[in-house]
Each structure stands twice: as structure tokens, then as C-alpha cells.
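Following: one structure in C-alpha cells, then a few remarks.
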Amino acid sequence: MKHLEDYRDIVGDEIVSEIFQKSKGLYGKKILHVNSSYQGGGVAEILNHLVPLMSDLGIEVDWRVIHGHHDFFNITKKFHNALQGEEINFSRLKRSVYTETNKQFTTYSNIDHDAVIIHDPQPLPLVRYFKKRQPWIWRAHIDLSEPNDEVWSYLKQFIIRYDKIIFSANDFIPSDIGTDSEVIYPSIDPLTVKNKDIDQATIDKYLAKYGIKDDKPIISQISRFDKWKDPEGVIEVFERVNDEVDCRLVLLGAMATDDPEGPRVYESVADKAKGRDDIIVINKESDILVNVIQRVSSVVMQKSLKEGFGLTVTEALWKGTPVVASDVGGIPLQVTDGETGFLVDPEDYEEVASRILEILDDPELGAKLGGSAHRNVKEHFLITRHLLNWLDVLKNTI
Ligand code: UDP
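Add 39 to the 1-based position in the sequence shown for our numbering, that's all there is to it.
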């Protein structure tokens with residue numbers, strides 16, 4: 040188990056000490072996080088590193104996951120898609136499965152905490168079904184700047200009960216929300232298996248294990264198999280790059296338990312790569328493999344069409360690997376075009392391919408972008424900064 044002082048070598052004593060000082064006043068306070076998946080996707084990733092460190096500070100933290108049938112997750116994924124702008128058949132049945140699953144949570148969970156933090160829309164209605172005796176905070180991780188109106192106005196009846204809302208970016212704050220809102224950027228944990236330094240022997244071992252040859256430049260995208268991450272578009276871009284420079288594409292993705300669309304997207308991508316040895320598609324939940332691929336890639340792509348924040352981008356930037364990523368959602372918060380990576384229009388395949396080629400042609404440029412990116416992540420997107428933000432919110436809210 041990690042302790043906060045383990046981060047001194049990375050962020051310095053001053054920041055670690057500030058975190059310890061800030062946690063005074065929160066000792067013994069009981070905080071409950073609720074989300075919809077213990078594994079897979081950025082929210083689970085964040086909770087996996089944030090919760091143990093909050094506990095280490097003397098806060099009593101619980102983390103619970105809403106239980107739901109397949110139907111519930113099908114419906115909440117449709118809500119998610121609609122909140123990102125897609126059409127939906129917003130039936131009474133969908134709404135009823137959504138609220139009934141939330142109501143059910145009251146039968147297997149008691150809440151006697153000093154504050155409750157609800158992540159994303161899946162458990163949003165819980166605030167209505169519990170007797171509210173403490174502040175409730177809604178932590179919205181998605182881009183809500185252009186939601187489907189019908190779904191948004193339906194969800195607002197629950198949102199309005201919250202005491203505070205936390206967004207990942209200023210641009211995501213809807214104009215019609217009166218609730219006290221604040222922005223907290225997500226973060227990565229530099230000491231996890233996914234992000235820590237690893238030696239060449241480990242890299243070679245995992246490349247061999249998964250049959251990934253590094254005899255030519257590797258381009259990768261690491262993301263859940265989700266249409267919003269546009270894996271098929273990544274293949275299109277790869278074809279253009281590969282016409283100019285002989286290289287290899289690795290698409291690594293795992294499934295999230297709250298995303299029932301994953302298997303279908305995976306099948307379709309795997310089908311496109313069938314019989315080819317220059318496109319490797321891996322469906323595997325493995326932190327060490329994520330680390331290895333982010334390090335061996337000459338370029339990491341993130342060709343998302345929508346993106347709440349994109350921790351995969353942060354993870355690659357931290358490793359100093361050059362990134363070519365979409366200028367959407369939370370990605371431009373992390374990537375300054377031409378300084379810490381390249382921002383591209385994800386629909387413009389020529390532009391994406393030409394930025395990748397620019398880096399492949401000029402390793403010095405790649406190294407320069409990667410170096411600046413690493414320093415920027417160190418300053419803004421590590422778990423220690425994230426903890427400080429949450430301590431401030433909790434101190435001001437409880
Ligand atoms: N991830 C992983 N294995 C994979 C694909 C993704 O562990 O095969 C992790 C990735 O490293 C990151 C998280 O899942 O930590 C994805 O977060 P992000 O914010 O990029 O996107 P989300 O999935 O939340 O839309």
C-alpha cells in the first residue's frame with residue numbers, strides 16, 4: 040500500500056506537507072464515493088488511486104458501486120451517448136429502469152457519512168431516495184457542453200438537489216445550472232504499475248508475451264473499445280501513415296463493466312485487423328501492458344470524437360511519449376498544440392496522419408514535445424494536486 044510520503048521524490052516535500060496540513064479538520068470525517076464500475080475507464084482509475092490516499096490522510100472513505108442489470112447499463116450508456124449529443128428514444132421504460140435501479144441501492148446500502156460524492160449520471164438519482172443529512176456533491180466527468188435537451192432536462196431534476204457540482208473543465212459547465220459549480224482537473228498516479236518507470240527487460244518481456252515486434256515504429260491508441268474513441272478511424276489514419284513510413288499499429292483496449300457496447304466495437308475492430316501483422320488489436324485489462332505500450336510507441340494517438348478528459352493522454356504525456364490527439368473535450372487542457380503534443384481535428388484524417396508523420400520524421404521534435412509534456416503533467420495533472428483540490432472542496436462543504 041502506498042503512503043503520501045512516497046510522493047516526496049516526485050513532487051517535493053512542500054506539496055506533500057501542504058496536503059498533510061490541509062487534511063487537519065477532516066480527520067475521522069466519513070466520505071462516501073459512489074460510481075458505476077470498480078474497473079475499466081477513467082472514473083474507476085481515479086477512484087482506485089484517490090480513495091486509498093484519502094484514507095491515508097485520516098479520512099474515513101467508503102467507495103461503493105451501484106449494482107445494476109444489463110438493461111440498466113444499456114440505458115445509462117444511451118444516456119451517456121445522448122449527453123454527448125446523440126439521439127435517443129427516451130422512453131418511460133428507460134426512465135423507470137434508471138430510477139428503480141437507483142431506488143434499489145437503498146436496500147443494500149446505508150448512508151451515514153459526512154459527505155457523499157456521486158460520480159457521473161448512473162447513480163445521480165440516489166440523492167432523491169436517501170434522507171439527505173449531509174452535503175451531496177455530483178462529480179460530472181463527461182463533456183456536458185452540448186447535451187441532448189430531453190435527457191438533460193430530465194436529469195436536472197436530480198442535479199438540482201445537489202449542493203455542489205464538480206466538472207473537469209470550465210467549458211463543460213452548462214449555462215442553465217444554478218448550483219455552486221467548480222472545476223477540478225483529473226489526474227494520474229505516477230507510482231502505479233501503469234505509470235511508474237520500468238526497465239527495458241520488463242518492456243521486452245511484455246512485448247514478447249503479446250507478440251508485439253518493435254522492428255519498426257509503433258503507433259498506438261489505448262482506450263476502451265468505444266465508438267467515441269473512434270478506433271476504426273484510427274485504422275484509417277494508420278493506413279495513410281503506413282503508406283509513407285513502414286510502421287505498426289497497436290490498439291489496446293479493455294472493457295468497462297458499465298459499457299455494454301464494448302464487445303461489439305471490439306469485434307468490428309478485430310475483424311478489420313484480421314490476417315494483418317501490422318495491426319495488433321489486444322483486448323486485455325493489464326496496467327503493465329498499458330505502461331509498456333505507452334513507452335515503446337513512437338507516437339500515441341487519441342483520436343476521440345468526444346472526451347471528458349482523456350487520462351490515456353495524460354499517461355502518455357507523463358512518459359514523455361509524443362502525442363497526437365483530438366482537439367475535443369478535456370484534451371486541450373492537457374495538450375498545447377506544438378508545445379506538448381499536437382492537437383488535431385479527429386475528422387480530418389489527412390491532418391492527423393501528417394502530424395504523426397512529422398514526429399516520425401523528426402525524432403528530435405518528438406523528444407522536445409515529450410519533455411515539455413512530462414514537465415506539464417508533473418505540474419498540473421498528478422494525484423497530489425488532485426488531492427489538494429478535493430481537500431479544499433471537502434473543507435468548504437462539510
Ligand atoms: N485503460 C486500461 N486498459 C486499456 C484501456 C484503457 O487500463 O486497455 C485505462 C487507461 O489507462 C485510463 C482509463 O482506462 O487510465 C481510461 O480513462 P480515459 O479518461 O482515457 O477514458 P474513459 O475510458 O474514462 O472514457
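A virtual CB, placed ideally from N, CA and C, is assigned to each residue, including glycine.
Go ahead and pull the three-state DSSP assignment for residue i.
i, result
"residue 93", "helix"
"residue 301", "helix"
"residue 108", "coil"
"residue 180", "coil"
"residue 287", "strand"
"residue 376", "strand"
"residue 237", "coil"
"residue 163", "coil"
"residue 120", "helix"
"residue 339", "strand"
"residue 322", "strand"
"residue 381", "strand"
"residue 292", "strand"
"residue 421", "strand"
"residue 227", "strand"
"residue 213", "coil"
"residue 42", "coil"
"residue 232", "coil"
Where do the N-terminal and C-terminal ends of the beta strand (DSSP E) with residue i fall, by residue?
i, result
"residue 99", "99–104"
"residue 362", "362–365"
"residue 152", "Residue 152 -> no beta strand (DSSP E), and no H or E assigned at all."
"residue 221", "220–222"
"residue 259", "257–261"
"residue 206", "203–206"
"residue 141", "First-last for residue 141: 131–144, but that is the alpha helix (DSSP H), not the beta strand (DSSP E)."
Report all residues from its chain with a CB closer than 8 Å to the CB of residue i; omit the five preceding and five following residues, and keep chain order.
i, result
"residue 83", "74, 76, 77 and 295"
"residue 309", "320 and 322"
From the DSSP secondary-structure annotation, give me the bridge partner or partners of residue i.
i, result
"residue 69", "99"
"residue 175", "155"
"residue 74", "104"
How is the alpha helix (DSSP H) around residue i delimited, first residue to last?
i, result
"residue 192", "188–198"
"residue 333", "326–335"
"residue 59", "52–61"
Output needed for residue i: all residues of its chain with C-beta closer than 7 Å, excluding positions within five of it in sequence on either side, in chain order.
i, result
"residue 353", "227, 373, 416 and 420"
"residue 280", "258, 286, 392, 395 and 396"
Below 6 Å CB to CB, which residues in the same chain sit around residue i once its five sequence neighbours on both sides are set aside?
i, result
"residue 311", "274"
"residue 318", "288 and 312"
"residue 123", "345"
"residue 425", "226"
"residue 54", "423"
Compare the C-beta of residue i with all C-beta atoms of chain D and state if any pair is closer than 7 Å.
i, result
"residue 308", "Absent here is chain D; the protein component of the structure consists of one chain."
Count Cβ pairs between the region 298–312 and the region 323–337 that sit closer than 8 Å; are there 3 or more? no
The region 211–231 / the region 144–151 touching (three or more Cβ pairs under 8 Å): no
Given 8 Å as the limit, is there contact between the region 91–104 and the region 132–141, that is, 3 or more CB pairs closer than that? Segments in contact, no.
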